[in-house]
Every structure is written in structure tokens, then in C-alpha cells.
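First the structure, in the form of C-alpha cells, and then the observations on it.
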Amino acid sequence: MKEIRWHGRGGQGGFTASRLLGIAASIHGGKHALAFPSFGPERRGAPVLAFTKIDDTKIHDRSEVQHSDYVVVMDETLIVAGFENGIKSGATILINTENIERYQSSLKNFKLVGLDATSLAMEVLGRPITNTAMYGALAAASGLVSLEAALASIRTEMNPKLAALNEKIVERAFDTINAQATGC
17 MKEIRWHGRG GQGGFTASRL LGIAASIHGG KHALAFPSFG PERRGAPVLA
67 FTKIDDTKIH DRSEVQHSDY VVVMDETLIV AGFENGIKSG ATILINTENI
117 ERYQSSLKNF KLVGLDATSL AMEVLGRPIT NTAMYGALAA ASGLVSLEAA
167 LASIRTEMNP KLAALNEKIV ERAFDTINAQ ATGC
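Once you know that position 78 of the sequence shown is 94 in our numbering, the rest is easy, because the numbers rise by one and skip nothing.
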């Protein structure tokens with residue numbers, strides 16, 4: 017089973033991204049998935065967590081993710097002391113940042129992937145909502161779902177006007193991460 021932990025702030029769409037990944041994996045990818053949030057009565061801007069579990073067989077464990085294979089950080093100010101607890105050594109951490117190098121020494125036991133998702137979201141949406149950019153980055157970095165499945169999940173869940181913009185963000189983030197991986 018692959019376990020994904022999403023760090024965001026209320027209003028950034030972390031749980032939406034978690035659900036989109038689950039839909040892409042299950043409905044459009046032939047796997048089993050669970051997606052769920054972990055938050056209380058927090059307000060917009062408060063730190064929130066979301067989780068996705070993906071497996072080839074039915075998932076019976078509905079507990080919070082304890083050993084993340086992938087971590088997605090939609091707001092880099094959420095990387096604080098103890099952040100790395102519950103992340104497997106060697107796991108991939110995707111960070112919405114302009115400067116991934118600043119985390120190389122503090123998160124040296126992990127594979128780090130950076131994307132300036134805020135700039136991408138501002139360019140396409142005109143708003144700093146980074147969830148679909150980070151979702152596209154995760155799809156590219158992890159191979160958990162194909163680009164086609166990721167786009168299909170957006171078409172399944174969003175109204176057509178929003179879907180078109182978010183598909184564009186996912187494609188651009190996916191291409192950016194693939195270009196980083198190949199050195200192009």
C-alpha cells in the first residue's frame with residue numbers, strides 16, 4: 017500500500033487534492049483508494065492534513081497514515097520541527113517552493129521535489145490555490161496515477177469551467193516535474 021500525507025491550510029484544497037488522487041487511482045486507474053481529512057473546527061488558513069491510501073487490493077485499514085511514502089506540502093511554512101515524523105526514510109516530499117535547496121540539509125533523508133505551485137496557480141487561476149498544481153506534481157513524481165487518470169478525476173469532480181483551468185494546471189505541473197526529472 018502507498019500512503020500519501022497532504023499538508024495545507026484551510027481553503028487551499030488539500031482534501032480536494034486527496035480525493036482527486038483517490039478518484040484517479042480507483043475510478044480511472046483500477047486500484048483501491050481511501051481519501052480522508054484530519055481537521056477539527058479550524059478556520060480558513062489554519063493548518064490541515066489530508067491522507068490518501070492506494071493499493072492493488074481492498075484497503076481495510078482506515079486509520080490515519082502513519083508511515084508516508086509521499087508527502088505533499090502546499091504551504092512551505094508548514095515545515096516545522098517534527099514535520100518529518102511519520103515519513104518513511106527515502107520517501108518523496110513535494111514542496112510548493114521557489115527554492116527546494118533550502119530544505120536539502122534539514123530533510124536529507126528524503127527525496128525532495130520542488131514546484132512553485134503558487135506562481136503557477138496565480139498565472140492560470142488568478143488565485144493562490146495550489147492543490148491541483150501539487151496534485152499534478154505528485155502524479156508525475158510518483159507514478160501512482162497517470163496524467164490521463166489525474167485529468168479524468170478533475171473532469172469527474174469539477175464543474176466544466178473550473179475543470180478546464182485545473183486540467184491546465186495539472187498538465188503544466190506534471191510536465192514541469194517530468195522535465196526536472198529528465199534534466200530538460
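Even glycine gets a Cβ: it sits at the ideal position worked out from N, Cα and C.
If you're wondering where the values come from, they're calculated on a predicted model, not measured in any experiment.
- Message: Could you compute how far the alpha carbon of Val64 sits from the alpha carbon of Asn101?
- Response: Taking the sequence shown and counting its residues from 1, the one referred to as residue 64 is at position 48. Taking the sequence shown and counting its residues from 1, the one referred to as residue 101 is at position 85. Rounded to whole angstroms, Val64 to Asn101 spans 16 Å at the Cα level.
- Can you give me the Cβ contacts of Ala149 inside the same chain, cut-off strictly under 6 Å, excluding the 5 residues immediately before and after it? Taking the sequence shown and counting its residues from 1, one reaches residue 149 at position 133. Closer than 6 Å at the Cβ level, and outside the excluded window around Ala149, lie Ala133, Leu136, Ala137, Ile185 and Ala189.
- Just reading off the alpha helix (DSSP H) that Lys177 is part of, what are its end residues? Indexing the sequence shown from 1 puts residue 177 at position 161. Its alpha helix (DSSP H) spans residues Pro176 to Thr198.
- With which residues is His48 paired in a DSSP beta bridge? Numbered from its first residue, the sequence shown carries residue 48 at position 32. DSSP lists Asp71 as partners of His48.
- Classify Glu183 as buried or exposed, calling it buried when 16 or more other Cβ atoms lie within 10 Å of its own Cβ. Along the sequence shown, one-based indexing puts residue 183 at 167. By the 10 Å Cβ count, Glu183 comes out buried.
- Would you call the stretch 34 to 51 and the stretch 105 to 115 in contact, with 3 or more CB pairs under 8 Å? no
- How long is the line joining the alpha carbons of Lys177 and Gly38, rounded to whole angstroms? Against the sequence shown, residue 177 aligns to sequence position 161. Against the sequence shown, residue 38 aligns to sequence position 22. Using only the alpha carbons, I get a separation of about 22 Å.
- Per DSSP, the bridge partner or partners of Tyr119: Within the sequence shown, the letter at position 103 stands for residue 119. In the DSSP output, where bridge partners are listed per residue, Tyr119 has none listed.
- Spell out a yes or no on whether the stretch 82 to 97 and the stretch 17 to 24 are touching, meaning 3 or more CB-CB pairs, one atom from each, closer than 8 Å. Because the criterion of three Cβ pairs below 8 Å is met, the stretch 82 to 97 and the stretch 17 to 24 touch.
- Message: Taking the straight line between their C-alpha atoms, what separation do you get for Ala195 and Ile145?
- Response: As a position in the sequence shown, residue 195 is number 179, starting the count at 1. As a position in the sequence shown, residue 145 is number 129, starting the count at 1. Each residue's alpha carbon lies about 23 Å from the other.
- Give the range of the alpha helix (DSSP H) segment to which Gly107 is assigned. Residue mapping note: residue 107 aligns to position 91 of the sequence shown, counting from 1. A small fix is needed here, since residue 107 is Ala in this sequence, not Gly. Here Ala107 belongs to no alpha helix (DSSP H); instead the beta strand (DSSP E) covers Ile103 to Asn112.
- Is the Cβ-Cβ distance between Leu131 and Thr192 less than 8 Å? Here residue 131 is taken as the residue at index 115 of the sequence shown, counted from 1. Here residue 192 is taken as the residue at index 176 of the sequence shown, counted from 1. Yes. Within cutoff.
- Message: Which residue marks the beginning of the beta strand (DSSP E) containing Arg171, and which one marks its end?
- Response: Position 155 of the sequence shown holds residue 171. It is not in any beta strand (DSSP E) - Arg171 instead sits in the alpha helix (DSSP H) that spans Leu163 to Glu173.
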